[in-house]
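Here's the structure, in structure tokens; my notes come after.
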Amino acid sequence: IPVEMPDDFILQANGIPVFRGKMGVSDENLAIKIIEPLIHRKR
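Under the numbering used here, the sequence shown is numbered contiguously, ending at residue 51.
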């Protein structure tokens, strides 16, 4: 079943947005390319 993926997406750790990335392929494996880190202020 074909699934349409967004061009880029937000990667999260513990529900906190950390990176913006893109899906791709590396050596015949699915991979995520990190486009940019998302900057957060410390509380």
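Virtual Cβ for every residue (Gly too), placed ideally from N, Cα, C. Predicted model, so just to flag it, every value in this text is computed and none were measured.
State the DSSP-derived secondary structure class of residue i, mapped to helix, strand or coil.
i: Val-26; result: strand
i: Met-13; result: coil
i: Glu-44; result: strand
Out of the options, state which residue places its alpha-carbon closest to the alpha-carbon of residue i.
i: Glu-44; options: Asp-35, Gly-32 and Arg-28; result: Arg-28
Would a C-beta distance cut-off of 9 Å place residue i and residue j closer than the cut-off?
i: Ile-18; j: Lys-30; result: no
i: His-48; j: Pro-25; result: yes
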